[in-house]
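**Student:** Numbered by UniProt numbering, the letters in the sequence shown go through residues 1 to 159 in order.
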Amino acid sequence: MGLFSFIKEAGEKLFGGKDAQAATPAASPGELNSKAAAAIENYIHVQKLGVSNLKVSYDASQGKVTVAGEAPTQAIKEKVTLCCGNVASVTSVDNQMTVTTPEPEAQYHDVVRGDTLSAIAKKYYGDANKYPVIFEANKPMLSHPDKIYPGQKLRIPAL
1 MGLFSFIKEA
11 GEKLFGGKDA
21 QAATPAASPG
31 ELNSKAAAAI
41 ENYIHVQKLG
51 VSNLKVSYDA
61 SQGKVTVAGE
71 APTQAIKEKV
81 TLCCGNVASV
91 TSVDNQMTVT
101 TPEPEAQYHD
111 VVRGDTLSAI
121 AKKYYGDANK
131 YPVIFEANKP
141 MLSHPDKIYP
151 GQKLRIPAL
């Protein structure tokens, strides 16, 4: 699957901000990386994707998340990549997970200003009415078809 790039400023704000500013100077980079990794791991668990033996590490100096564990399907593995990468301060994800039921990999789309799921469906499938396929492929990270934002990365599965 390889290393995936993401936009650092886009995504869920799971760590940093006020917490980082309030951190004491005694907090080591290792402690901050561990807290960030724990926040990302918790975010993945909240999505209820059915991943087992999940292990997440984060390197703030590179903005890189490394994730390992076992996913039941390729689609779940890809959703875990998106959970990790669509987080503010993350620029890349190295997904080293294994898959119980291998499938072909999906394509990805970086959302830009003005994008809609219908327009994205038209681009990849030739039919704007196929937007529910993209919406379903990105659940539970997407809660509504109209709530996508620039910088977000979406899975585009084969039809």
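Note that CB positions come from ideal geometry on N, CA and C, so glycine has one too.
The structure presented is a predicted model; accordingly, all values stated were derived computationally and were not measured.
Does the region 148-155 come close enough to the region 75-92 to have 3 or more Cβ pairs within less than 8 Å?
**Tutor:** yes
**Student:** Of all the options M141, Y125 and I148, which has the alpha carbon lying nearest to the alpha carbon of Q47?
**Tutor:** Residue mapping note: residue 47 aligns to position 47 of the sequence shown, counting from 1. Put simply, of M141, Y125 and I148 the residue whose alpha carbon is nearest the alpha carbon of Q47 is M141.
**Student:** I'd like to check one pair, K13 with V90: are the Cβ atoms closer than 8 Å?
**Tutor:** Counting from 1 along the sequence shown, the entry for residue 90 is found at position 90. Counting from 1 along the sequence shown, the entry for residue 13 is found at position 13. Going by C-beta atoms, V90 is not nearer than 8 Å to K13.
**Student:** Unbroken alpha helix (DSSP H) runs of length 4 or more, entirely within the UniProt domain "BON" (28-101): which are they?
**Tutor:** 29-46 and 74-85
**Student:** Between R113 and chain C, is there a C-beta pair that is closer than 8 Å?
**Tutor:** In summary, chain C is missing from the structure at hand, where a single protein chain is found.
**Student:** Can you tell me the Cα-Cα spacing of T116 and D127, whole angstroms?
**Tutor:** Counting from 1 along the sequence shown, the entry for residue 116 is found at position 116. Counting from 1 along the sequence shown, the entry for residue 127 is found at position 127. Going by the C-alpha atoms only, they are around 13 Å apart.
**Student:** Using the Cα positions of Q107 and K64, report the straight-line distance between them to the nearest angstrom.
**Tutor:** On the sequence shown, position 107 is the one that residue 107 refers to. On the sequence shown, position 64 is the one that residue 64 refers to. Each residue's alpha carbon lies about 21 Å from the other.
**Student:** When you compare only the Cα positions, how much space is there between P104 and I156?
**Tutor:** The count along the sequence shown starts at 1 and reaches residue 104 at position 104. The count along the sequence shown starts at 1 and reaches residue 156 at position 156. Spanning the two alpha carbons is a distance of roughly 12 Å.
**Student:** Between which residues of its own chain and S57 is the CB-CB distance below 6 Å, once the five residues before and five after are set aside?
**Tutor:** The residue given as residue 57 occupies position 57 in the sequence shown. Closer than 6 Å at the Cβ level, and outside the excluded window around S57, lie A37 and T66.
**Student:** Using 10 angstroms around the beta-carbon of E78, count the other beta-carbons present and answer buried if the total reaches 16, otherwise exposed.
**Tutor:** Taking the sequence shown and counting its residues from 1, the one referred to as residue 78 is at position 78. That one is buried.
**Student:** Relative to the C-alpha of S34, which candidate in V87, G114, D59 and F4 has its C-alpha closest?
**Tutor:** Here residue 34 corresponds to residue number 34 of the sequence shown, with the count starting at 1. Closest option to S34, Cα to Cα, is D59.
**Student:** Can you list, in chain order, the residues of its chain with a C-beta nearer than 6 Å to that of D94? Leave out the 5 residues immediately preceding and following it.
**Tutor:** As a working note, residue 94 is residue 94 in the sequence shown. Same-chain partners within the cutoff: L3 and T66.
**Student:** Looking at C-alpha atoms only, which residue of E70, K147 and N129 is the closest neighbour of L54?
**Tutor:** Working through the sequence shown from its first residue, we reach residue 54 at position 54. Comparing Cα positions, the closest option is E70.
**Student:** Skipping 5 residues on each side, what residues in its chain have a beta carbon closer than 7 Å to that of P29?
**Tutor:** As a position in the sequence shown, residue 29 is number 29, starting the count at 1. Here the set comprises A60.
**Student:** Out of A88, S52, H45 and V133, state which residue places its alpha-carbon closest to the alpha-carbon of T73.
**Tutor:** Looking up residue 73 in the sequence shown gives position 73. Across the set A88, S52, H45 and V133, the C-alpha of S52 shows the shortest separation from the C-alpha of T73.
**Student:** Figure out for me which residue from A137, Q62 and L159 has the closest Cα to the Cα of A75.
**Tutor:** As a position in the sequence shown, residue 75 is number 75, starting the count at 1. Minimum Cα distance to A75 is reached at A137.
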